[in-house]
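Protein chains in written order, with my numbering: chain A, 294 to 380; chain B, -17 to 113. We treat Cβ as the ideally placed atom computed from N, Cα and C, and that holds for glycine.
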Amino acid sequence: MSALTETRNSSMLNGARAVSFSISSSLDQSADNVARLKFVEGSELATIVSSAAAYIENARTEMAKVVRAVLELSAADFARLQDQANV
Amino acid sequence: MTARSSRRAAEALASSRAAAMLTTLDLANSVVSTCALARHVGEESELGRALANTAEQLQGAADTMYAMSEAMAAMSPAAFRACLPAARWRRLLAHARTAEQAAEEPEPGCAVAAPAAPVPDDRPVFLIEDL
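Okay, structure coming up:
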């Protein structure tokens, strides 16, 4: 593998890591925002808040897997994934 | 409901709706970023599947927050007030009262006014920064 290809693969992986961290951080912020919404139990708004909080919690669980995976990947592994995805 | 209470409820409703819309936009941006990353790695890998699942949950959250902002748009201030827990409503009124008193304080060099009443809670309630 040429130095240029290695640099490119490494740069792509770093980009993917940066995007993953950014999404994860934004999700944490959204979770905080929704947690601050307090409405009378049983009201329409309380039901919607509860549903949004559940979705966000699920998204955080999945995003934690993504962050772990991109941290464990090597630049070559990431390049292989991209090749398989035909990017 | 007095005219003043009604005005406070309308302000709280407007700022809460704006905050719900901002959260919707944040979530929608995350959906776009997640889908873009998923396209790069494909959905066959473990990473791709986790990204697809994340995007699905994020989309659900964004849709739900959008539904909240729409529900708020259809609400009267009195109906919104009825959804607020009593303690939050009291803090909201206290915060508004303190803000009004601060606005009424004279400019420097004018007659000295009585000190403003202490703020019962340093965090505003249902303002954008609170959400």
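Backbone CA spacing between residue i and residue j [nearest angstrom]
i, j, result
"residue 345 (chain A)", "residue 330 (chain A)", "11 Å"
"residue 81 (chain B)", "residue 300 (chain A)", "56 Å"
"residue 322 (chain A)", "residue -15 (chain B)", "35 Å"
"residue 68 (chain B)", "residue 355 (chain A)", "36 Å"
"residue 350 (chain A)", "residue 21 (chain B)", "23 Å"
"residue 3 (chain B)", "residue 295 (chain A)", "48 Å"
"residue 16 (chain B)", "residue 84 (chain B)", "45 Å"
"residue 341 (chain A)", "residue 76 (chain B)", "27 Å"
"residue 71 (chain B)", "residue 49 (chain B)", "23 Å"
"residue -5 (chain B)", "residue 324 (chain A)", "20 Å"
"residue 320 (chain A)", "residue 328 (chain A)", "12 Å"
"residue 108 (chain B)", "residue 57 (chain B)", "Bear in mind that the predicted position of residue 108 (chain B) carries a pLDDT of just 46, short of 50, making it too unreliable to give a figure here."
"residue 7 (chain B)", "residue 332 (chain A)", "22 Å"
"residue 343 (chain A)", "residue 79 (chain B)", "31 Å"
"residue 39 (chain B)", "residue 352 (chain A)", "5 Å"
"residue 63 (chain B)", "residue -7 (chain B)", "11 Å"
"residue 334 (chain A)", "residue 347 (chain A)", "16 Å"
"residue 59 (chain B)", "residue -17 (chain B)", "10 Å"
"residue 378 (chain A)", "residue 41 (chain B)", "23 Å"
CB contact below 8 Å: residue i versus chain A
i, result
"residue 32 (chain B)", "yes"
"residue 65 (chain B)", "yes"
"residue 50 (chain B)", "yes"
"residue 47 (chain B)", "yes"
"residue 22 (chain B)", "yes"
"residue 82 (chain B)", "no"
"residue 106 (chain B)", "Below a pLDDT of 50, predicted positions are generally treated as unreliable, and residue 106 (chain B), at 42, falls in that range; the measurement from the model is reported next regardless. No, no contact with chain A."
"residue 16 (chain B)", "yes"
"residue 12 (chain B)", "yes"
"residue 72 (chain B)", "no"
"residue 27 (chain B)", "yes"
"residue 19 (chain B)", "yes"
"residue -5 (chain B)", "no"
Same chain, Cβ closer than 8 Å to residue i, neighbours up to 5 away in sequence not counted
i, result
"residue 31 (chain B)", "25"
"residue 303 (chain A)", "368"
"residue 110 (chain B)", "Low confidence applies to residue 110 (chain B): its pLDDT is 44, below 50, so where it sits in the model is not reliable, and the reading given next is rough at best. Cβ within range, chain order: -3, 0, 1 and 4."
"residue 37 (chain B)", "13, 16, 17 and 20"
Assumed close pair residue i, residue j - CB separation to whole angstroms, cut-off 8 Å
i, j, result
"residue 374 (chain A)", "residue 13 (chain B)", "At roughly 21 Å, the Cβ-Cβ gap does not stay under 8 Å, so residue 374 (chain A) and residue 13 (chain B) are not in contact."
"residue 54 (chain B)", "residue -13 (chain B)", "In fact, because the Cβ distance is near 18 Å, the residues do not count as touching under 8 Å."
"residue 315 (chain A)", "residue 65 (chain B)", "33 Å between Cβ atoms; not a contact."
Same chain only: Cβ atoms within 7 Å of residue i, ignoring 5 sequence neighbours per side
i, result
"residue 307 (chain A)", "none"
"residue 29 (chain B)", "23"
Close Cβ partners of residue i (< 6 Å) along its chain, the five nearest in sequence each way excluded
i, result
"residue 363 (chain A)", "309, 310 and 313"
"residue 372 (chain A)", "302"
"residue 43 (chain B)", "9"
"residue 360 (chain A)", "313 and 317"
C-beta neighbour in chain B for residue i, strict 8 Å
i, result
"residue 314 (chain A)", "no"
"residue 323 (chain A)", "yes"
"residue 309 (chain A)", "yes"
"residue 338 (chain A)", "yes"
"residue 355 (chain A)", "yes"
"residue 352 (chain A)", "yes"
"residue 320 (chain A)", "yes"
Within-8 Å CB hit, residue i to chain D
i, result
"residue 9 (chain B)", "Considering every chain present, this structure includes no chain D. Its protein chains are A and B."
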